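For the sequence shown, my numbering gives the first residue as 97, with consecutive numbering after it.
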Amino acid sequence: MKNRLPGSIGHPIFHRGNGGGEHLHSFYAAHHEEAYQYLMSDYDEEMLTWLQLFSQYDLYSKTDEELDIECLRPYYEELVREYLPQALNW
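Structure, rendered in structure tokens:
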């Protein structure tokens, strides 16, 4: 999927894999354990703030609160319309 997110927010979410495809991740070891900092460029360190913000909402975030899907649906449908193309190539 092409990164259509605004500005730097796409950096912590997308990275290029060995095959050239983009993968979704938040690189837990870097933002939580402060690992790999000696390998980071200045830009990577700048993006670490976004990574830490994103990690609050990634797939591994848990909550006991039950979500009201019907209430949330319009909000997420609007985000999909704004940032994703009408047709996705799978």
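Backbone N, C-alpha and C define an ideal beta-carbon position, used for all residues, glycine too.
What you are looking at is a predicted structure, and each value in this text was computed from that prediction instead of being measured.
Cα atoms of C167 and Y139: separation of roughly 38 Å, rounded to the nearest angstrom.
In this structure, E141 places its C-beta atom within 9 Å of the C-beta atom of Q133.
The continuous alpha helix (DSSP H) containing D140 extends over residues 138–151. For P181, there is no enclosing alpha helix (DSSP H), since its DSSP letter is neither H nor E. Under the three-state reduction of DSSP output, E174 falls in the helix class.
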